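**Student:**
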Amino acid sequence: MSIGLKNKHIISMRDLDRSDLDLLVETAGAIEEGRIKPDMAGRIAALLFFEPSTRTSFSFDSAMKRMGGETLLMKGTGSTSVQKGESFSDTLRTIERYCDIIVMRHAVEGAARFASEVVGLPVVNAGDGANQHPTQALLDLYSIKKTHGTLEKLKIGLVGDLRFGRTVHSLAQALAPYNPEFYFISPGFLEMPEHIKAELTAGGVKYTELKEVDSVVPELDIMYVTRVQRERFADPEDYERLKGSYIITLDTIKDAKEGMRILHPLPRVDEIAEEVDASPHAYYFEQAENGVYMRQAILSILTGAVK
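So the numbering used here is basically just the index in the sequence shown, starting at one, shifted up by 70.
1. To the nearest angstrom, report how far apart L75 and H218 are at their CA atoms.
2. To the nearest angstrom, how far is it from the Cα of S256 to the Cα of H334?
3. Pop quiz: Y277 and V229 are said to be a contact at Cβ under 8 Å. What is the actual Cβ separation, rounded to whole angstroms?
4. Sorted by chain position, which residues of the same chain lie with C-beta nearer than 8 Å to A358's C-beta, five sequence neighbours on each side aside?
5. Going by DSSP, which residues form a beta bridge with R331?
6. When the Cα atoms are used, what is the spatial distance from K377 to A100?
7. Can you tell me the Cα-Cα spacing of G361 and D160, whole angstroms?
8. Rounded to a whole number of angstroms, what is the C-alpha to C-alpha distance between S123 and M174?
9. Starting from Q202, follow its DSSP beta bridges and name the residues at the other end.
10. Answer yes if the region 232–239 comes into contact with the region 107–116, meaning at least three C-beta pairs across the two stretches below 8 Å, and no otherwise.
11. Check whether the Cβ atoms of L245 and A98 sit closer than 9 Å, and answer yes or no.
12. Measuring straight from C-alpha to C-alpha, what distance separates E222 and G139?
13. Say whether the region 183–193 touches the region 162–174, bearing in mind that this needs 3 or more beta-carbon pairs closer than 8 Å, one atom from each stretch.
14. Since I317 contacts A348 with CB under 8 Å, what's their CB separation in whole angstroms?
15. With C-beta atoms as the reference, is M364 less than 9 Å away from V193?
16. Please classify T164: does DSSP put it in a helix, a strand, or coil?
17. Considering Cα atoms alone, identify which of T319, H79, E341, Y353 is closest to I332.
18. What do you get for A304, buried or exposed, if any count of 16 or more other CB atoms within 10 angstroms of its CB means buried?
19. Determine which residues share a DSSP beta bridge with M144 and list them.
20. Verify whether the separation of the beta carbon atoms of Y253 and K225 is less than 9 Å.
21. How far does the alpha helix (DSSP H) with F355 in it reach, from first residue to last?
22. Can the beta-carbon of A133 be found closer than 9 Å to that of L369?
23. Roughly how many whole angstroms lie between the Cα atoms of L290 and G227?
24. Provide the residue(s) that pair with Y277 in DSSP beta bridges, ordered along the chain.
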């Protein structure tokens with residue numbers, strides 16, 4: 071199966087079928103457990119972060135180095151020839167000469183897809199505007215598989231900014247093949263985009279849209295919380311009006327199933343109270359750690375280090 075993904079791109083969840091998802095989740099688990107030890111010695115990953123990142127950039131950097139590989143890390147454009155007027159495509163064509171795989175985050179939707187059409191090596195989308203964040207969705211799948219032992223027929227609540235939150239767009243698509251039941255919980259202005267809902271409907275996936283979270287908590291296997299993203303708002307007044315729409319507290323989850331887990335792609339602002347961190351339901355910091363294992367799987371499979 072890894073042969074099928076070798077030298078391929080991961081730009082959107084639509085680039086992956088269920089067998090690809092299963093392979094990546096299984097490989098991440100094998101790497102964490104030490105059953106697979108990919109050797110990336112002699113390989114270089116270019117990490118191009120045109121937008122701010124902590125967890126994603128660090129976890130890709132850590133993943134590559136833990137496998138014996140090296141990284142070229144670019145944050146912003148201040149130290150690059152983009153500041154001198156060099157075109158985006160020329161920058162990409164130059165950088166591809168120095169590496170074996172490109173991981174890229176960019177504020178413009180579609181930037182990673184454009185990169186994949188320009189260069190001749192694997193490109194991994196680490197987030198393109200408010201569009202997609204497939205590697206986050208993949209580590210989320212791995213986290214859910216670890217906490218619940220299955221990805222099948224789970225009840226998933228997506229809470230918060232579902233309009234601009236690229237992580238929830240990718241996660242909804244990633245879970246769709248596993249027969250989930252979704253609860254989309256958001257203020258009206260921040261609802262899940264119509265094209266995602268249409269895609270789920272076409273695939274026979276059930277979802278319910280809600281404005282409040284408390285009533286559905288007892289039903290959930292996973293509560294996936296996202297922040298309201300200040301950087302995506304054109305009107306600061308809209309952000310001020312909607313920030314803090316949902317704050318998950320211990321009282322919010324008092325009726326949750328024993329096995330319910332709370333995930334969050336981080337960074338957190340105020341949407342999960344710190345008192346929840348000590349709850350057995352909280353899993354977001356472990357989730358972040360899982361990103362290293364999943365990104366090891368992605369890098370090693372796409373470059374052919376895992377046979």
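Idealized CB from N, CA, C, for every residue including glycine.
Only a predicted model underlies this, so the values are computations on that prediction, with no experimental measurement involved.
**Tutor:** Looking at the coordinates:
1. Cα to Cα, the separation comes out at about 26 Å.
2. A direct Cα-to-Cα measurement between S256 and H334 gives close to 15 Å.
3. Between Y277 and V229, the beta carbon gap of about 13 Å keeps them out of contact (Cβ cut-off 8 Å).
4. Within the same chain, A358 has close Cβ partners R125, S129, L336.
5. BP columns for R331 point to I292.
6. Distance between the alpha carbons of K377 and A100 is about 13 Å.
7. Each residue's CA atom was taken as its position, placing G361 and D160 some 31 Å apart.
8. Looking at the two C-alpha atoms, the distance is approximately 11 Å.
9. According to DSSP, Q202 bridges with D198.
10. With the rule of 3 Cβ pairs closer than 8 Å, the region 107–116 does not count as touching the region 232–239.
11. No.
12. If I take the Cα positions, the gap works out to 35 Å.
13. Cβ pair count under 8 Å is three or more, so yes.
14. At roughly 17 Å, the Cβ-Cβ gap does not stay under 8 Å, so I317 and A348 are not in contact.
15. Remark: C-beta atoms of M364 and V193 do not approach each other more closely than 9 Å.
16. T164: helix per DSSP, three-state reduction.
17. Out of T319, H79, E341, Y353, Y353 has the C-alpha closest to the C-alpha of I332.
18. Here A304 scores only 48 on pLDDT, less than 50, and its place in the model should not be relied on; the value that follows carries that caveat. A304 comes out exposed.
19. BP columns for M144 point to L118.
20. A contact, by the Cβ cut-off of 9 Å.
21. Note, F355: alpha helix (DSSP H), 354–372.
22. Yes, Cβ-Cβ distance for A133 and L369 is below 9 Å.
23. Between L290 and G227, the C-alpha separation is close to 6 Å.
24. In the DSSP assignment, the residues bridged to Y277 are F252.
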